[in-house]
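The sequence shown maps to residues 3 to 296 in the working numbering.
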Amino acid sequence: MIIKRDKSTKRLNIRKFVAPLLLLLGLTVMLLKWGLKNMTTVSTQTILCDSEKVEKGEFKTGKYSFKNGNTQSSEKSFSGKYSSKIDKEHIYGVSYQLDNPPTGAKYTVTIKRWTESASNSALVISAGPNNSYYTQEAESISAEKNGWETIKAQLIIPRSADIKNVKVFPFLLNKNEVAYFDDMKISIVPLSKLKKIKVDKLFLYLDHKALEKLHSKRDKAIKKGLLQSESDDWVKAKLTANDSVEYKIKLRLKGDWTDHLKNEYWSYRIKMPSDQSWKRLMTFSLQDPKTRSF
Numbered sequence: 003m004i005i006k007r008d009k010s011t012k013r014l015n016i017r018k019f020v021a022p023l024l025l026l027l028g029l030t031v032m033l034l035k036w037g038l039k040n041m042t043t044v045s046t047q048t049i050l051c052d053s054e055k056v057e058k059g060e061f062k063t064g065k066y067s068f069k070n071g072n073t074q075s076s077e078k079s080f081s082g083k084y085s086s087k088i089d090k091e092h093i094y095g096v097s098y099q100l101d102n103p104p105t106g107a108k109y110t111v112t113i114k115r116w117t118e119s120a121s122n123s124a125l126v127i128s129a130g131p132n133n134s135y136y137t138q139e140a141e142s143i144s145a146e147k148n149g150w151e152t153i154k155a156q157l158i159i160p161r162s163a164d165i166k167n168v169k170v171f172p173f174l175l176n177k178n179e180v181a182y183f184d185d186m187k188i189s190i191v192p193l194s195k196l197k198k199i200k201v202d203k204l205f206l207y208l209d210h211k212a213l214e215k216l217h218s219k220r221d222k223a224i225k226k227g228l229l230q231s232e233s234d235d236w237v238k239a240k241l242t243a244n245d246s247v248e249y250k251i252k253l254r255l256k257g258d259w260t261d262h263l264k265n266e267y268w269s270y271r272i273k274m275p276s277d278q279s280w281k282r283l284m285t286f287s288l289q290d291p292k293t294r295s296f
């Protein structure tokens, strides 16, 4: 038995198949465009200042404006003709304030510096009321040409943070000295979602005398703007891990800069007894994750 194929039916079936295919293809293109658009909104944001142009008292690079344009100087420069000079008359250099900043992001700032002494100035990233998110760096990460060097500071601001702005600026620690800053670069990188992890709970127990000594050392560091460790800073204390095992330890405050001491959780250097260790560590540090950008 021979059955003859109906050509009209064949054409009709093709139309029924092609129409949904074209619709699916159209939706795919729309989703792809939507995805690319959203990838753009969460991509790295970069903000640059080259110190070359000043308008109405502010540095201007592209669409971005930076404060303290009155510090512009032609005495030294890393690139171009100008830099931002700070001295006893102007202790804050080229500064940027980002309003309504993205949270759940890592802020990385680099800047070129020329100075006679690396300890006379620092780069700061600050956010939140009472500088609840704060970091500062004075040491360089690399040497550049003609005595210039690069300073790098990083700060992570979690998604839960309630902040109105982020401030970035170099400032003078020693008002009797001079420093020059050039080519500030601010990068804002969104963070991926973090996985929950189980961590050990450590508890420190100090008597009144030891606690008073730490408070005195901390207050002096806050006033001076720098913690200077000495051999007699150690105090006796007890440490328990997960509220069970107890160790007799010695500890002292740690961290050169006062961001280690300003918040609720101070930074400590822990020294275990000579015949004991915690997780195979004889000496280790306890500090707020913010001091190392989480």
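Using N, Cα and C, we set each Cβ at its ideal position, and we do this for glycine too.
Contact check between the region 46-56 and the region 142-161: fewer than three CB pairs, one atom from each, fall below 8 Å, which does not count as touching.
Taking 8 Å as the cut-off, the Cβ atoms of Y94 and N122 do not count as close.
By the C-beta criterion, the region 106-123 is judged to be in contact with the region 136-154, since at least 3 inter-stretch pairs fall below 8 Å.
In this structure, L253 is the residue among L253, R294, L288 with its C-alpha nearest to the C-alpha of P275.
Cβ-Cβ distances below 6 Å link Q47 to I190 in the same chain, with the five nearest sequence neighbours on each side left out; the list follows chain order. In the three-state DSSP reduction, P192 falls in the strand class (E or B). Burial is judged here by how many other beta carbons sit within 10 angstroms of a residue's own beta carbon; P291 has fewer than 16 and is exposed. Restricting attention to W259, L263, L241, H262, the CA atom closest to the CA of K273 is found in L241. Per DSSP, W259 has no beta-bridge partner at all.
Residue nearest to V180 within the set Q289, T137, S75 is S75 (criterion: CA-CA distance).
Secondary structure at S233: helix, using DSSP grouped into helix, strand and coil. In this structure, S269 lies near K256, with their beta-carbon atoms less than 8 Å apart.
For R220, the uninterrupted alpha helix (DSSP H) segment begins and ends at 210-226. Taking C-beta atoms as the reference points, S85 and F183 count as a pair closer than 8 Å. Between T285 and R294, the CB-CB gap reaches or exceeds 8 Å.
With a 10 Å radius around the Cβ and a threshold of 16 neighbouring Cβ atoms, R161 comes out exposed.
DSSP places P291 outside any beta strand (DSSP E), giving it a letter other than H or E. Across the set D89, Y207, S67, F68, the C-alpha of D89 shows the shortest separation from the C-alpha of K177.
A Cβ-Cβ separation of about 6 Å places A140 in contact with A120 under the 8 Å criterion. Per DSSP, reduced to three states, the secondary structure at A120 is helical. For K215, the closest of V201, S287, K238, K198 by C-alpha to C-alpha distance is K238. In this chain, N176 is not harboured by any beta strand (DSSP E), its DSSP state being neither H nor E. Between A107 and P192, the beta carbon gap of about 5 Å places them in contact (Cβ cut-off 8 Å).
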